[in-house]
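K.L.:
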Amino acid sequence: MTLTIILIVIIVILILAFILNQRYMQDRVDTEVYARNQMVTKNATLSNENLELKNQMLSSNNDVSSHAKRNAKHVLTSILDKYKDQGKLKYYDIITTSNLATKHPFFEYARTFDYIVVSDVGLINIDVKNWKQKTFYHFDAPVDDDMQIDTNDVNQIVGHYVSKQYHSQFDSPRSEIYTFVEKIQNNRVIYEFYDHDPYEQAAINSKVLKDGIENHFNHKVQSIGVVYFSDGSVNIIEGSEERAQYVDTVSTKSSLEAVIKNAIDLSKHPLSEDQVTKIVNSFNN
């Protein structure tokens with residue numbers, strides 16, 4: 015009788031242990047499933063945010079109408095055709111970057127431009143601006159208290175002063191370059207800063223495109239960025255006089271024409287038609 019009771023107790027203990035073990039294992043499975051689902055959800059959220067950021071890239075360019083961009087492309091095409099008719103340009107193609115796939119390896123750099131001209135003289139990367147507002151463009155913000163401004167131009171003084179005041183909130187030891195617009199409203203003047211300086215960005219990304227294409231196709235290529243204010247220069251107040259290697263700013267058809275002519279004249283690494291076609295196809299695929 016005693017042995018029977020002992021066996022029953024052992025069996026009950028084993029059953030309880032089995033049940034507890036099953037519950038423990040199920041809890042582990044549930045925890046792992048939950049953690050995996052959370053990770054999948056987080057990854058999906060990050061992917062969506064990344065895609066949204068790419069699609070919203072360059073908030074300043076959202077201010078440029080499709081009509082202004084089409085007009086800019088028409089001006090650009092007429093200039094290129096003129097040089098082609100004169101024999102200074104052999105062949106070219108214009109890539110509209112809004113058609114570029116977000117997964118393209120050069121997307122985040124190429125998309126900062128509206129049009130990329132691929133020709134026998136290399137790349138000409140066009141960033142169209144049509145803000146139609148008083149724009150303080152490419153102003154440096156000095157980090158010291160002494161603002162050395164050798165001018166009596168009120169706009170220059172205002173531009174540097176406002177840049178410095180804006181920059182002071184970040185408590186940064188580095189000088190920065192800013193672009194901002196002036197908006198006059200009832201009883202107040204608002205200075206609205208863009209999240210990047212177009213000039214600096216065009217210089218950096220033109221160099222990145224140059225390096226990327228040279229590495230991919232294993233041949234030299236010229237690459238310049240052009241910030242084209244298609245609404246004219248009347249509203250543009252330029253700050254820093256420093257000029258970068260890979261970029262120019264223009265505000266008229268004649269100045270755009272001069273920059274393209276300069277690119278043609280200075281081209282040291284002419285591309286064959288086959289090389290141009292391969293580069294164009296790499297953007298379209």
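Residues in the sequence shown are numbered from 15 upward in steps of one, following our numbering. Ideal Cβ positions, reconstructed from N, Cα and C, are used throughout, including at glycine. Remember, it's a predicted structure, so these values are computed and weren't measured experimentally.
Measure how close the beta-carbons of Thr263 and Tyr213 come, nearest whole angstrom, since I'm counting them as under 8 Å.
P.N.:
Taking the sequence shown and counting its residues from 1, one reaches residue 263 at position 249. Taking the sequence shown and counting its residues from 1, one reaches residue 213 at position 199. With 8 Å as the limit, Thr263 and Tyr213 qualify as a contact, their Cβ atoms being about 6 Å apart.
K.L.:
Looking only at C-alpha atoms, which of Ser269, Tyr260, Thr91 and Lys148 sits nearest to Leu223?
P.N.:
In the sequence shown, the residue the question calls residue 223 occupies position 209. Closest option to Leu223, Cα to Cα, is Tyr260.
K.L.:
Could you tell me the alpha carbon to alpha carbon distance between Phe207 and Pro284, rounded to whole angstroms?
P.N.:
In the sequence shown, residue 207 corresponds to position 193, counting from 1. In the sequence shown, residue 284 corresponds to position 270, counting from 1. Roughly 39 Å between the two C-alpha positions.
K.L.:
Using a threshold of 8 Å, state whether the C-beta atoms of Ile130 and Ile109 are closer than that.
P.N.:
Translated into the one-based positions of the sequence shown, residue 130 becomes position 116. Translated into the one-based positions of the sequence shown, residue 109 becomes position 95. The Cβ atoms of Ile130 and Ile109 sit closer than 8 Å to each other.
K.L.:
Once the 5 residues before and after Asn219 are set aside, which same chain residues still bring their CB inside 8 Å of it?
P.N.:
What you label residue 219 is simply residue 205 of the sequence shown in a count that begins at 1. If we look at Asn219 and ignore the five residues flanking it on each side, its Cβ neighbours are Tyr123, Ala124, Thr126, Phe127, Asn139 and Gly239.
K.L.:
Is it a yes or a no for the segment 191 to 200 touching the segment 88 to 101, going by three-plus beta-carbon pairs under 8 Å?
P.N.:
With a cut-off of 8 Å, the segment 88 to 101 and the segment 191 to 200 do not count as touching, because too few Cβ pairs lie within range.
K.L.:
From the DSSP output, read off the bridge partner residues of Asn139.
P.N.:
The residue labelled residue 139 in the question sits at position 125 within the sequence shown. Paired residues: Ile130 and Gly239.
K.L.:
Could you check the C-alpha separation between Tyr151 and Lys104 for me, to the nearest Å?
P.N.:
One-based indexing of the sequence shown puts residue 151 at position 137. One-based indexing of the sequence shown puts residue 104 at position 90. C-alpha separation (whole angstroms): 35 Å.
K.L.:
What number of angstroms, rounded off, separates the C-alpha of Ser73 from the C-alpha of Lys143?
P.N.:
Along the sequence shown, read from residue 1 onward, the residue named residue 73 stands at position 59. Along the sequence shown, read from residue 1 onward, the residue named residue 143 stands at position 129. Caution is warranted here: a pLDDT of 48 is assigned to Ser73, below 50, making its placement in the model unreliable, and no coordinate value can be reported.
K.L.:
Can you confirm whether Lys117, when its beta carbon is compared against all beta carbons of chain B, has any partner nearer than 8 Å?
P.N.:
In the structure shown, chain B does not exist; there is a single protein chain.
K.L.:
Tell me the DSSP secondary structure of Tyr180 in three-state form.
P.N.:
For the purposes of this step, residue 180 is identified with residue 166 of the sequence shown, where counting begins at 1. If DSSP states are grouped into helix, strand and coil, Tyr180 belongs with the helices.
K.L.:
Taking the C-alpha atoms as reference points, what is the distance between Val203 and Pro187?
P.N.:
Locating residue 203 in the sequence shown gives position 189, where the first residue counts as 1. Locating residue 187 in the sequence shown gives position 173, where the first residue counts as 1. About 28 Å.
K.L.:
Whole angstroms are fine: how far does the CA of Thr291 sit from the CA of Asn271?
P.N.:
Here residue 271 refers to the residue found at position 257 when the sequence shown is read from its first residue. Here residue 291 refers to the residue found at position 277 when the sequence shown is read from its first residue. First, the amino acid is wrong: residue 271 is Glu here, not Asn. Going by the C-alpha atoms only, they are around 24 Å apart.
K.L.:
If the criterion is Cβ atoms closer than 8 Å, does the pair Asn249 and Lys146 meet it?
P.N.:
Your numbering for residue 249 matches position 235 in the sequence shown. Your numbering for residue 146 matches position 132 in the sequence shown. Yes.
K.L.:
I'd like the span of the beta strand (DSSP E) that includes Gln199, first residue to last.
P.N.:
Here residue 199 is taken as the residue at index 185 of the sequence shown, counted from 1. First-last of the beta strand (DSSP E) with Gln199: Glu190 to Gln199.
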